[in-house]
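Number of protein chains: 2
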Amino acid sequence: MENKNMLMIPGPTPVPEAVLLAMAKAPIGHRTGAFSKVIAELTENLKWLHQTSGDVLMLTASGTGVMEAGIINFLSPGDRVLVGDNGKFGERWGKVAKAYGLNVDIIKAEWGKPLDPEAFTAKLTEDKEKAIKAVIITHSETSTGVLNDLESINKAVKDHGEALIIVDAVTSLGAYNIPIDEWGLDVVGSGSQKGYMIPPGLGFVSVSKKAWKAYETAKLPRFYLDLGKYKKATDEDSSPFTPPVNLMYGLQASLQMMRREGLAAIFARHQRLTQMTRAGMRALDLPLYAADSWASTAITAVAPTLVDAEKIRSTLNKKFDIAVAGGQDHLKGKIFRIGHLGFASERDILTVIAAIEATLIELGVEGVTPGAGVAAAASVMVQG
Amino acid sequence: MENKNMLMIPGPTPVPEAVLLAMAKAPIGHRTGAFSKVIAELTENLKWLHQTSGDVLMLTASGTGVMEAGIINFLSPGDRVLVGDNGKFGERWGKVAKAYGLNVDIIKAEWGKPLDPEAFTAKLTEDKEKAIKAVIITHSETSTGVLNDLESINKAVKDHGEALIIVDAVTSLGAYNIPIDEWGLDVVGSGSQKGYMIPPGLGFVSVSKKAWKAYETAKLPRFYLDLGKYKKATDEDSSPFTPPVNLMYGLQASLQMMRREGLAAIFARHQRLTQMTRAGMRALDLPLYAADSWASTAITAVAPTLVDAEKIRSTLNKKFDIAVAGGQDHLKGKIFRIGHLGFASERDILTVIAAIEATLIELGVEGVTPGAGVAAAASVMVQG
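These protein sequence lines are chains A and B, in that order. Using the UniProt record's numbering, the first residue of the first sequence is number 1, and each one after it goes up by one. Using the UniProt record's numbering, the first residue of the second sequence is number 1, and each one after it goes up by one.
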């Protein structure tokens, strides 16, 4: 049905009406006192969301641009880095590091499985001469729905003492508790079209004091992505280059909503939606691609065996106007992915499960108990 | 008065209601057939606007990001480049080139004066061994309101034969005729918040076949700004990274408006607004910072002698809610700049001139003939 779209992909995520309307305001000059106030408010609220008293900078860029900035500002050609790779995004940060001539050591895990913190500990413990300058990991691997054990890997990095930890939190920030200051995370990148509940186009990166220390001697070339320029401007409630004014109006509205909900409630909601989704899929005999113990709270990947994943996806889309994501690369046709981050509620989860039930029945999958998925999800909700 | 803002700065420029409302639509997935159609339409209309059958690529970036991409994709460390510098932006491209270890030869002109094409011809003619790999110039220098003689400089580059011409057309594209294919311009960068009539956040770069040839051997590091990735995706009506969906909805609406107006009419309008503005300022004895023969059609810089430029600017803002820009760097307090590009009409020019007249009277400037500015502008309009 026209105009009836329901977005349940890992990004863009649904955008609240208040945010859409805020974005439709006429822009004002970005070098005015009025806009400085907007930047000051955004910066304060971003620090709250990042649980940090350090710097959180805004860039006009996608998540990839932000992660590239997070890497190239703190390293020099030939520096040794460890990169965790258990999915499409981990793989990408390895490519970025190689494109800049870093000495890249990839620590792999199978897609669908988490990175092994022990593998990081081993490499970091071996490194007596402290040659490893950074560890780059993806927290929530969007391609598989796996949440890597950031806390444990970070502990290994802290024991090493020298290396920075650079985190892709693109789909986890705002969906999972990441206490940046408490854990001492050096660089954390994220993007607007995820937990932030605003459309794509804005990226965010938090930077620790230790990372700024590394910045002083880092020699990789950069200009537009030079975070020092962003810090200098942000300290003056300004921006180094023309910022995306209307997206920032949207961000203003969304961060105000997030503050009203509160961090603990936001994280609990994502946890609850994840458990509801998983219970629903289980009740429908749809195998979950990632195990419970490392399930992302942003996205759930489902690997149906009795029916093609793309058929489910396409029926959900055609019959119910619900967009879920397909598998990427070698997982194409093998999984579908339900996004439940940002502006997502219990109602959305009941809806998508109900639609999946109906889809399975429509596709003639045998053994589906009508109502079982929704009932299981509702039960989790009531308990949780 | 609250909410009564009138934007007459060189960017962000005013945004039509149709564009603002288009941006307030709920985003859809960027990897869908429906969004591919949007990208295909945008690409076709961007080629029309750029007067090229070559590639026009869209990046989530400010104008600076786009120009950096335009430079680093086609060059290798140590390559010799000529950079024209007669204002803040020309100066910036020199800094970008240096940040990437290029061998940079700056050709300067005084602020307020255009670059001398002869200076380029001399350097390029001397270069028998064809060591110069690119000439980087700013077409409309936003900081001074000077339009550089792109056509003549480009002829010198074409006579050289080897060097690429890389053009910052951020405030000239859509405000002045730039026939990219006819002139053989290799790389032309521009930004959304200018002639495009949409808010900041999207950048554009056109790339010639000759530039793609250079790309094949260019060795400067890049990933997010790697234009090869954008070309590959654009050829499939897609994007390499999550694109700013809502800004692209806005662009869809604005390009449709531009096609209805027509290129010749758009350029004639900008020409007319420029002449009206200049006639108005002259009639009020307000000196123009750039001479007629090199006046930008995007912005007019005014250098008042009898009263502080910032006083005029501040009164325009406080009394009439009209935002004009101040001077940058050493021109701070010495000039104010009236933007008349994008969604600007004759009515806006009459309005700002009337407000400037009233401001001069309010500030007690002697010798102002009430109505003279508006009359002069109206007369130009009627003739023009």
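Note that beta-carbon positions come from the ideal geometry of N, C-alpha and C, so glycine has one too. Source: prediction; values computed, not measured.
Query raised in the report: Does the stretch 325 to 332 of chain A come close enough to the stretch 142 to 156 of chain A that 3 or more CB-CB pairs lie under 8 Å?
Result: yes
Query raised in the report: Roughly how many whole angstroms lie between the Cα atoms of B/T60 and A/N3?
Result: 26 Å
**Report entry** Interface flag, B/N154 vs chain A, CB-CB below 7 Å
**Finding:** no
Report task. Go ahead and pull the three-state DSSP assignment for B/F336. Result -> strand
Query raised in the report: Would you say A/I338 reaches chain B, if we count a Cβ-Cβ gap shorter than 7 Å as a contact?
Result: no
Requested in this report: Name, please, each residue of chain A whose Cβ falls closer than 7 Å to the Cβ of B/S62.
Outcome: Against chain A, a Cβ distance below 7 Å from B/S62 picks out T60, F241 and T242.
Report task. Run down chain A in chain order and give the residues with a C-beta less than 7 Å from the C-beta of B/N246. Result -> Neighbours of B/N246 in chain A, taken as residues whose beta carbon is under 7 Å from its own, are M23 and P199 in chain order.
Query raised in the report: For A/I29 and chain B, any beta-carbon pair shorter than 7 Å?
Result: Reading off the sequence, residue 29 of chain A comes out as Gly, not Ile. Yes, its Cβ sits closer than 7 Å to a Cβ of chain B.
Query - Beta carbon proximity, A/E68 to chain E, threshold 7 Å - result: Within the model displayed, chain E is absent; protein chains A and B are what it includes.
Query raised in the report: Using the beta-carbon of each residue, which ones in chain B are nearer than 8 Å to A/N5?
Result: A26 and I28
Query raised in the report: Does the distance from the CB of A/V380 to the CB of A/L306 come in under 7 Å?
Result: no
Requested in this report: Can you give me, in chain order, the residues of the stretch 78 to 107 of chain A that have a beta carbon less than 8 Å from any beta carbon in chain B?
Outcome: Answer in chain order: K95, V96, A99, Y100 and G101.
Report task. Pull up the distance between the alpha-carbon of residue 405 of chain A and that of B/A122, whole angstroms please. Result -> Outside the shown range of chain A (1 to 384) lies residue 405 of chain A, about which nothing can therefore be said.
Query raised in the report: Quick one: what does DSSP say B/S140 is sitting in, helix, strand or coil?
Result: strand
Query raised in the report: When the cut-off is 7 Å and only beta carbons count, does B/G65 lie next to chain A?
Result: yes
Query - Within the stretch 296 to 374 of chain B, ranges of the alpha helix (DSSP H) (whole runs, at least 4 residues) - result: 309 to 320 and 346 to 362
Report task. Can you give me the start and stop residues for the beta strand (DSSP E) that residue 385 of chain B sits inside? Result -> The structure shown does not extend to residue 385 of chain B, since chain B is modelled only from 1 through 384, so no value can be given for it.
Requested in this report: Measure how close the beta-carbons of B/V188 and B/V167 come, nearest whole angstrom, since I'm counting them as under 8 Å.
Outcome: 5 Å
Query raised in the report: Between B/L42 and B/V382, what straight-line distance do the alpha-carbon atoms span, to the nearest angstrom?
Result: 35 Å
**Report entry** Under the three-state DSSP convention, the category B/Y215 falls into
**Finding:** helix
Query raised in the report: Are the C-beta of B/Y224 and some C-beta of chain A separated by less than 7 Å?
Result: yes
Query raised in the report: Does the distance from the CB of A/T64 to the CB of A/S206 come in under 7 Å?
Result: Not in contact: A/T64 and A/S206 (Cβ atoms no closer than 7 Å).
Query - Assigned secondary structure, B/A253 (DSSP; H/G/I helix, E/B strand, else coil) - result: helix
Query - Residues, ordered as in the chain, of the stretch 168 to 192 of chain B that lie near chain A by beta-carbon distance below 8 Å - result: Under the 8 Å Cβ criterion, the stretch 168 to 192 of chain B contributes G191.
Query raised in the report: When we look at the beta-carbon of B/K232 and count the other beta-carbons within 10 Å, is it buried (16 or more) or exposed?
Result: exposed
Requested in this report: Verify the CB distance criterion: does B/I136 have a CB-CB separation below 7 Å to chain A?
Outcome: no
Query - Under 7 Å by beta carbon: chain B residues contacting A/V15 - result: A26 and P27
Report task. Put A/S293 into one of helix, strand or coil per three-state DSSP. Result -> helix
Report task. Could you pull out every unbroken beta strand (DSSP E) segment of at least 3 residues lying fully inside the stretch 119 to 184 of chain A, listed in chain order? Result -> 132 to 138 and 164 to 168
Query raised in the report: So, A/I353 versus A/V374, is the Cβ gap smaller than 7 Å?
Result: In contact: A/I353 and A/V374 (Cβ atoms closer than 7 Å).
Report task. Run the CB neighbour count on B/S254, radius 10 Å, all protein chains shown included, and call it buried at 16 or more, exposed below. Result -> Classification for B/S254: buried.
Query - A/G195 beta carbon less than 7 Å from that of A/G228 - result: No; because the gap between Cβ atoms is not below 7 Å, this pair is not in contact.
Query raised in the report: How about B/L20 and A/A24: are their beta carbons less than 7 Å apart?
Result: In this structure, B/L20 sits near A/A24, with a CB-CB distance shorter than 7 Å.
Requested in this report: Give a yes or no on whether the C-beta atoms belonging to B/L316 and B/P304 are separated by under 7 Å.
Outcome: no
Report task. Please check if any C-beta of chain B sits within less than 7 Å of the C-beta of A/I9. Result -> yes
Query - Buried or exposed by the 16-neighbour rule on C-beta atoms within 10 Å, applied to B/M1 - result: exposed
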